[in-house]
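In our numbering, the protein residues as written are 80 to 262.
Don't be surprised by glycine CBs; every beta carbon is placed ideally from N, CA and C.
Everything on this sheet refers to the single structure shown next.
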């Protein structure tokens with residue numbers, strides 16, 4: 080049932096949100112010259128997939144987890160995208176393709192060995208990664224791998240339709256802070 084909801088909501092989001100996506104793309108072109116950010120991430124069953132987002136950092140920023148990147152790498156437009164969470168909108172394509180869900184554990188990088196190990200131990204890779212989830216809404220990011228994996232596992236254990244909608248609603252209404260960066 081959740082996969083059907085993911086398909087319906089991601090398709091509707093892309094269709095209805097197309098004017099916003101196009102406008103953000105055009106502003107991103109002016110901001111960095113390359114508004115789309117693609118990065119290989121760890122997906123369901125630890126299979127790689129390419130995550131799609133709007134670029135919030137300069138093009139020359141190292142490919143590391145956000146909490147390891149410098150805040151000085153974030154562009155002015157990138158600050159706006161992160162604060163409003165609009166940088167996440169292109170991930171609706173990942174949801175449509177079946178690589179992600181709207182709700183699930185945020186996908187990590189393959190070089191985040193400790194996080195991958197903790198999540199593997201707790202069975203987190205049995206589900207699709209998500210755009211939002213319990214950890215993000217509780218301001219738990221990838222800088223605390225064990226805690227993140229525990230909260231991800233708790234979310235998976237307690238996932239039902241009510242929680243699915245609750246996490247989406249809390250995210251859309253401004254819950255959570257998104258990915259942190261070094262100050």
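So what does DSSP say about residue i, is it helix, strand or coil?
{"i": "residue 154", "result": "coil"}
{"i": "residue 180", "result": "strand"}
{"i": "residue 267", "result": "Only positions 80 to 262 of the chain appear in this structure, which leaves residue 267 out of reach."}
{"i": "residue 195", "result": "helix"}
{"i": "residue 234", "result": "helix"}
{"i": "residue 136", "result": "strand"}
{"i": "residue 107", "result": "helix"}
{"i": "residue 121", "result": "strand"}
{"i": "residue 261", "result": "Confidence in residue 261 is poor, its pLDDT being 44 and thus under 50, which makes the residue's placement unreliable; the coordinate value appears in the next sentence. Looking at residue 261 - three-state DSSP - the assignment turns out to be strand."}
{"i": "residue 99", "result": "helix"}
{"i": "residue 163", "result": "helix"}
{"i": "residue 206", "result": "coil"}
Determine the burial state of residue i: buried for a count of at least 16 other Cβ atoms within 10 Å of its Cβ, exposed for fewer.
{"i": "residue 95", "result": "exposed"}
{"i": "residue 173", "result": "buried"}
{"i": "residue 248", "result": "exposed"}
{"i": "residue 101", "result": "exposed"}
{"i": "residue 180", "result": "buried"}
{"i": "residue 99", "result": "exposed"}
{"i": "residue 156", "result": "buried"}
{"i": "residue 214", "result": "buried"}
{"i": "residue 262", "result": "A caution first: residue 262 carries a pLDDT of 44, below 50, which makes its placement in the model too unreliable to give a value."}
{"i": "residue 189", "result": "exposed"}
{"i": "residue 260", "result": "For residue 260, the predicted model reports a pLDDT of 48, less than 50, meaning its position is unreliable and no value from the coordinates is stated."}
{"i": "residue 97", "result": "exposed"}
{"i": "residue 82", "result": "exposed"}
{"i": "residue 224", "result": "buried"}
Going by DSSP, what residue range makes up the beta strand (DSSP E) through residue i?
{"i": "residue 131", "result": "127 to 133"}
Hey, quick one: how far does the alpha helix (DSSP H) through residue i stretch, first residue to last?
{"i": "residue 92", "result": "81 to 95"}
{"i": "residue 248", "result": "240 to 251"}
{"i": "residue 214", "result": "213 to 216"}
{"i": "residue 174", "result": "170 to 175"}
* Quick check: the region 130 to 139 against the region 163 to 179, are there 3 or more CB pairs under 8 Å? -> yes
* Asked: Taking one C-beta from the region 235 to 248 and one from the region 116 to 125 each time, how about it: are there three or more such pairs within less than 8 Å?
  -> no
* **the region 222 to 242 / the region 194 to 211 touching (three or more Cβ pairs under 8 Å)** => yes
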